[in-house]
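Q: First the structure, which I've put down as structure tokens, then a few questions once you've had a look.
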Amino acid sequence: MSKDDWTVKVLQMAHGIRRRVLAHTLARNGGYLSQACSSAEIFAALYGKILKLKRLDTPLPAGSFNGTPGPGCPASTGAVFNGGGGSDCDNFILSPAQYALVLYAALAEAGRLDERSMETYDIDGSTVEMIGAEHSPGMEVTSGSLGQGISQASGIAFARRVKGETGRVVLLLSDGECQTGEFWEALQAACYHKLGNLLVYVDMNGCQCDGPTSTVMNLEPFDKRLKSFGARVRRIDGHDVSALARCGSLPGGDVPTFIVCDTDPCRDMDILQGFRPKLHYIRFSSRKEKRACQKFYDAMSAARSPAEGKV
Numbered sequence: 065m066s067k068d069d070w071t072v073k074v075l076q077m078a079h080g081i082r083r084r085v086l087a088h089t090l091a092r093n094g095g096y097l098s099q100a101c102s103s104a105e106i107f108a109a110l111y112g113k114i115l116k117l118k119r120l121d122t123p124l125p126a127g128s129f130n131g132t133p134g135p136g137c138p139a140s141t142g143a144v145f146n147g148g149g150g151s152d153c154d155n156f157i158l159s160p161a162q163y164a165l166v167l168y169a170a171l172a173e174a175g176r177l178d179e180r181s182m183e184t185y186d187i188d189g190s191t192v193e194m195i196g197a198e199h200s201p202g203m204e205v206t207s208g209s210l211g212q213g214i215s216q217a218s219g220i221a222f223a224r225r226v227k228g229e230t231g232r233v234v235l236l237l238s239d240g241e242c243q244t245g246e247f248w249e250a251l252q253a254a255c256y257h258k259l260g261n262l263l264v265y266v267d268m269n270g271c272q273c274d275g276p277t278s279t280v281m282n283l284e285p286f287d288k289r290l291k292s293f294g295a296r297v298r299r300i301d302g303h304d305v306s307a308l309a310r311c312g313s314l315p316g317g318d319v320p321t322f323i324v325c326d327t328d329p330c331r332d333m334d335i336l337q338g339f340r341p342k343l344h345y346i347r348f349s350s351r352k353e354k355r356a357c358q359k360f361y362d363a364m365s366a367a368r369s370p371a372e373g374k375v
């Protein structure tokens, strides 16, 4: 596939991710829609170009919850949707579990999750949970309280290096969780232990539950702070799929690599501007709001992806 071909494919995936998440938001009168707007290209680039995963012959259905995975328990983790691993394959760790629906949409777009499983989202007994856990599609671990994903990813990266495996650990973070003390402690440890097999993408959409990230606890200059701990850092437009992929193919080094992705929580959905400043979880406060979003969804479904110049 030529560069232009994969770029078109990834942009189509990003369009599909936003459309799927908007559909669920409409069906349930609310949802984590701004996260889909800001991270769609990141997820699409990961599953369409960057991640080295085992191929699946057919999309997998999401099963029912049958217990927490562990010794003596037959329950499998969401890693099976990422191909089940291998010494030369990548792990994908999603730290902000409220992005779970965006991950499910990405898996469906990538042909890894049976799209009919999306219908069981947030239904009691389903593994397709609103806040993903280790049994949810694509979730390899439960990242617990916000900010724990980097600690888990670093531990896995350290173990993989000890075992001599060549696969990377690829982590997706949200900007708000990088305010926590655990994040900076884990960053320090990852740099100290020279975890060059750790690749981190950070969705810098500027929004969190309590308001704009800049007013809750400003992280800037975030890239310079990361560098001061010893990390290799690139800062890019998080909607530029070529830049996302280029950073994902950087040769391995002896320190973690952080890709700081500046993103827009209303990307390709200007209709969300009217919900500011409450963008963390979109709720419809009136029939008029919902009708407007339904009309937008209908137009979005009828249109082709931005890659084809029809949106």
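In terms of the working numbering, the sequence shown opens at residue 65 and continues consecutively. By construction, the Cβ of each residue, glycine as well, lies at the ideal position given by its N, Cα and C atoms.
Taking all protein chains shown into account, decide if K288 is buried (16 or more other Cβ within 10 angstroms of its Cβ) or exposed.
A: Burial call: exposed.
Q: Return the chain-ordered ranges of every beta strand (DSSP E) run that is complete within the stretch 130-170 and spans a minimum of 3 residues.
A: Segments of the beta strand (DSSP E) lying fully in the stretch 130-170: 155-158.
Q: Please look up how many angstroms separate the CB atoms of Q162 and Q99, rounded, as I've assumed it's under 8 Å.
A: That belief holds up - the Cβ atoms of Q162 and Q99 are roughly 7 Å apart, short of 8 Å.
Q: If contact is defined by three or more beta carbon pairs under 8 Å, each pair taking one atom from either stretch, is the stretch 205-221 in contact with the stretch 85-96?
A: no
Q: For M364, which residues of its own chain have a beta-carbon under 6 Å away from its beta-carbon, when the five flanking residues on both sides are left out?
A: R83
Q: From G275 to M281, what does the alpha carbon distance come to, in whole angstroms?
A: 10 Å
Q: Taking the alpha helix (DSSP H) that S278 falls in, what are its first and last residues?
A: T277 to M281
Q: Would you mind sorting P320 into buried or exposed? The rule is 16 or more other CB atoms within 10 Å of its CB.
A: P320 should be labelled buried.
Q: In whole angstroms, what separates the C-alpha of I323 from that of G131?
A: 35 Å
Q: Looking at the secondary structure, which residues open and close the beta strand (DSSP E) in which V264 lies?
A: L262 to M268
Q: So G302 packs on I106, CB below 8 Å; how close in whole Å?
A: 6 Å
Q: Going residue by residue through the stretch 283-345, where are the continuous beta strand (DSSP E) segments of at least 3 residues, counting only ones entirely within it?
A: 296-301 and 321-326
Q: Just the C-alpha distance for R347 and G127, rounded to the nearest angstrom, thanks.
A: 29 Å
Q: Buried or exposed, going by whether 16 or more other CB atoms sit within 10 Å of the CB of P329?
A: buried
Q: Using 8 Å as the threshold, is the C-beta distance between F222 and L259 below it?
A: yes
Q: Report the residue from E229, T206 and G245 whose alpha carbon sits nearest the alpha carbon of L235.
A: Ranked by how close their Cα comes to the Cα of L235, the residues E229, T206 and G245 have T206 in first place.
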